[in-house]
Amino acid sequence: MSIFFTVLLGIPLDFEFRGVALLNNIPYAIAIAFGLMLSTRTSWVTYLSRKEKYTYFLAASVVVWFVFLLFDLLLSDAVPAYSLALGAFANISWLFLVSYALFTGLNLMRHLPTARAFDRKMKEVSSLHNLSRTISAEHDLTKLMQKVTDLTSEVIESAYTWLEYVDSQERQSTVTASKNLNEDEITVINSHLSNQSSFDLTMDNRPIVVNDTSKESLNHPIVTLKPSIGSLVGVPLRNSKGGELGILFAAKTVPFGFDPDDVNMLEAYANQAAIALENAYLMEISLEQERMEKELQIAREVQMRLLPQTTPIYANAEIDTLTITAYEVGGDYYDFFDITTDRLGLAIGDVSGKGTSAAFYMAETKGIIQSLTRTYNSPLEILTETNSILYHSMERKSFISLLAAQFDFKTNIFKFARAGHCPVIYYNAKNDTVSKLQPEGIAIGLDKGPIFSQKLVEQRVSMSTGDIFAFYTDGLSEARNSEDEEFGEDRLCAIIKENKHRTLSELKEYIIDGILNFLDGNMLHDDLTLVLVKIKEK
Numbered sequence: 004m005s006i007f008f009t010v011l012l013g014i015p016l017d018f019e020f021r022g023v024a025l026l027n028n029i030p031y032a033i034a035i036a037f038g039l040m041l042s043t044r045t046s047w048v049t050y051l052s053r054k055e056k057y058t059y060f061l062a063a064s065v066v067v068w069f070v071f072l073l074f075d076l077l078l079s080d081a082v083p084a085y086s087l088a089l090g091a092f093a094n095i096s097w098l099f100l101v102s103y104a105l106f107t108g109l110n111l112m113r114h115l116p117t118a119r120a121f122d123r124k125m126k127e128v129s130s131l132h133n134l135s136r137t138i139s140a141e142h143d144l145t146k147l148m149q150k151v152t153d154l155t156s157e158v159i160e161s162a163y164t165w166l167e168y169v170d171s172q173e174r175q176s177t178v179t180a181s182k183n184l185n186e187d188e189i190t191v192i193n194s195h196l197s198n199q200s201s202f203d204l205t206m207d208n209r210p211i212v213v214n215d216t217s218k219e220s221l222n223h224p225i226v227t228l229k230p231s232i233g234s235l236v237g238v239p240l241r242n243s244k245g246g247e248l249g250i251l252f253a254a255k256t257v258p259f260g261f262d263p264d265d266v267n268m269l270e271a272y273a274n275q276a277a278i279a280l281e282n283a284y285l286m287e288i289s290l291e292q293e294r295m296e297k298e299l300q301i302a303r304e305v306q307m308r309l310l311p312q313t314t315p316i317y318a319n320a321e322i323d324t325l326t327i328t329a330y331e332v333g334g335d336y337y338d339f340f341d342i343t344t345d346r347l348g349l350a351i352g353d354v355s356g357k358g359t360s361a362a363f364y365m366a367e368t369k370g371i372i373q374s375l376t377r378t379y380n381s382p383l384e385i386l387t388e389t390n391s392i393l394y395h396s397m398e399r400k401s402f403i404s405l406l407a408a409q410f411d412f413k414t415n416i417f418k419f420a421r422a423g424h425c426p427v428i429y430y431n432a433k434n435d436t437v438s439k440l441q442p443e444g445i446a447i448g449l450d451k452g453p454i455f456s457q458k459l460v461e462q463r464v465s466m467s468t469g470d471i472f473a474f475y476t477d478g479l480s481e482a483r484n485s486e487d488e489e490f491g492e493d494r495l496c497a498i499i500k501e502n503k504h505r506t507l508s509e510l511k512e513y514i515i516d517g518i519l520n521f522l523d524g525n526m527l528h529d530d531l532t533l534v535l536v537k538i539k540e541k
């Protein structure tokens, strides 16, 4: 104890060893000064946890006690007598250990009252860091919601935590992730949310804070489902444009369980969570668009492979075709069949819908028609049998507009039937007139058979040299310009009549120019298919 008071009272220690001049003690004094300066560098104490601060405080007390025990040994004459350097080192080391332990202990005592708050802040920082890592590592929206909920429960130390997420399409809130809520309780909450959104509980985009559920009313079923809840906080989550993403709720079993720091921290946490959820949602949209792009690409490839790769050559007729695929791939289809010297069969159709489903129905239609034309000679019979086969395999919401035609160059008879397809534009060279051939008929797949057969009519036309037949899909007639005006059949009729004397390839170019000029930079929203047949002199 006397040693301790000697140090505290500042009684000078005998730093001068026998036989050594004062001048030789100047470096020794400088070393002591540097040692004392180093003793004050205890800023690392700030970053210790509460438990570590208590541990280090006890350790510093033990070090101080132990170093004082060595006081008589280190400052006796025996050590410098044995080695002057060792004596100086022992003195400096003793002073450094004492001063460092004392400064550390004092600094620890100063930080102990705020250790709990510091631990809490460190936990918040760690949680936000974990959330940031989650943002970069997790792109699945469902899994991310659950992780956000779990991390909130861990940081806030809440008894119950759940996330009410707003579906961007249905604009309906549902509980998509929860902690300590069972399925039945979630069902009850979702039933409540179908009638009233929890956003109605917020004011000016501020958090919902209920300090005591027994004294403050809250229009939410959680209070009834979990009577043990004493306090509750709900923080709105909004996207970068201010739109509603959802509300993150946390509840404790004690009243006034959330102090202002808790609410502020939860708000900061919710902002990070909103960014993560929005990014995950945008990622899902991007992946869905990528999937649709691949599907459209497959549909384009299927469509182009199913179309005829060559055009039949006849002495009695000139034939030309045009196919333009839109960005949204449709189910346009045309094919030639029953190709002999005197006869040419033609089918053209449009499958309802877009993408791969339309392309696959198109492939099925092509195979059926190619098979039926080996047995049946009449366009009416071909369409009737096609409907009978496809009706049982098609979805009820799907249908196919289809036209089957046959040119008989021996008898100069053109006959066709249309199952809800576009009219045939017919230029009669003898009369110099253009007309629309439009016999009755309903689309494939709308009726099982009786009504379809009753409505379907086959029309016959006598052909002559110079006659022009134009077959097309609604992608041509329904092409729209910037003023939302349709191209229509009348414009097509006018172009055909004005250019009747030209070759078929020239006529096709004029039709293309007419469509492009009409669109004036507008995009096609459906596939466009055109088949032109011009009768030549025998």
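Using our numbering, the final residue of the sequence shown is 541, and nothing's skipped along the way. The beta-carbon is built from N, C-alpha and C at its ideal position, and this holds for glycine as well.
Asked	Found
Cα-Cα separation between residue 291 and residue 337, rounded to whole angstroms	31 Å
Close Cβ partners of residue 404 (< 7 Å) along its chain, the five nearest in sequence each way excluded	352, 353, 422, 423, 424, 446
7 Å Cβ shell around residue 496 - same chain, five flanking residues per side excluded	428, 437
Backbone CA spacing between residue 316 and residue 366 [nearest angstrom]	24 Å
Backbone secondary structure at residue 24 - three-state DSSP	Reliability of the predicted coordinates at residue 24 is poor, the pLDDT of 44 falling under 50, and no value is obtained from them.
Candidates 176, 157, 172: closest to residue 166 by CA position	176
Whole-angstrom distance between residue 180 and residue 200, CA atom to CA atom	17 Å
Selection from 480, 273, 466, 37 that minimises the alpha carbon distance to residue 539	466
As assigned by DSSP and simplified to three states, the class of residue 172	coil
CB contact flag (residue 253, residue 159, <8 Å)	yes
Selection from 433, 401, 443 that minimises the alpha carbon distance to residue 419	443
Bridge partners - residue 339, DSSP secondary structure assignment	349
Three or more C-beta pairs below 8 Å linking the segment 452-459 and the segment 469-482	no
Close Cβ partners of residue 335 (< 6 Å) along its chain, the five nearest in sequence each way excluded	353, 476, 530, 532
Cβ neighbours of residue 215 in the same chain (closer than 6 Å, five flanking residues each side left out)	258
Nonlocal neighbours in the same chain, by C-beta distance under 8 Å from residue 270, ignoring five residues either side	210, 238
Reduced DSSP secondary structure (H/G/I, E/B, other) of residue 421	strand
Stretch-stretch touch, CB-based, cutoff 8 Å, three pairs: the segment 512-528 with the segment 341-348	no
Enclosing beta strand (DSSP E) for residue 472 [first to last residue]	471-475
Residue 491 - partner residues in DSSP beta bridges	Answer by DSSP bridge pairing: none, since residue 491 is not bridged.
Cβ-based burial, residue 41 [other Cβ within 10 Å; buried from 16]	exposed
Stretch pair the segment 147-158 + the segment 280-298: three plus CB contacts closer than 8 Å	yes
Strand pairing of residue 503, partner residues [DSSP]	For residue 503, which the question treats as bridged, DSSP gives no partner whatsoever.
CB contact flag (residue 388, residue 537, <8 Å)	no
Beta strand (DSSP E) segment containing residue 321, residue limits	320-327
Residue 463 - containing alpha helix (DSSP H), residue span	Segment 461-465 is the beta strand (DSSP E) holding residue 463; no alpha helix (DSSP H) there.
Beta-carbon proximity check, residue 228 vs residue 168, cutoff 8 Å	no
Backbone CA spacing between residue 297 and residue 359 [nearest angstrom]	10 Å
Extent of the continuous alpha helix (DSSP H) run through residue 193	186-196
DSSP-derived helix/strand/coil call for residue 214	coil
Secondary structure of residue 153, DSSP reduced to three states	helix
Straight-line Cα distance separating residue 492 from residue 371	29 Å
Cβ neighbours of residue 323 in the same chain (closer than 6 Å, five flanking residues each side left out)	507, 508, 511, 535
Start and end residues, alpha helix (DSSP H) containing residue 285	263-309
Straight-line gap, residue 26 to residue 33 (C-alpha atoms, nearest Å)	Confidence is the limiting factor: at residue 26 the pLDDT is only 40, short of 50, which leaves the residue's position unreliable and the question unanswerable from this model.
Pairwise C-alpha distance: residue 468 and residue 433	8 Å
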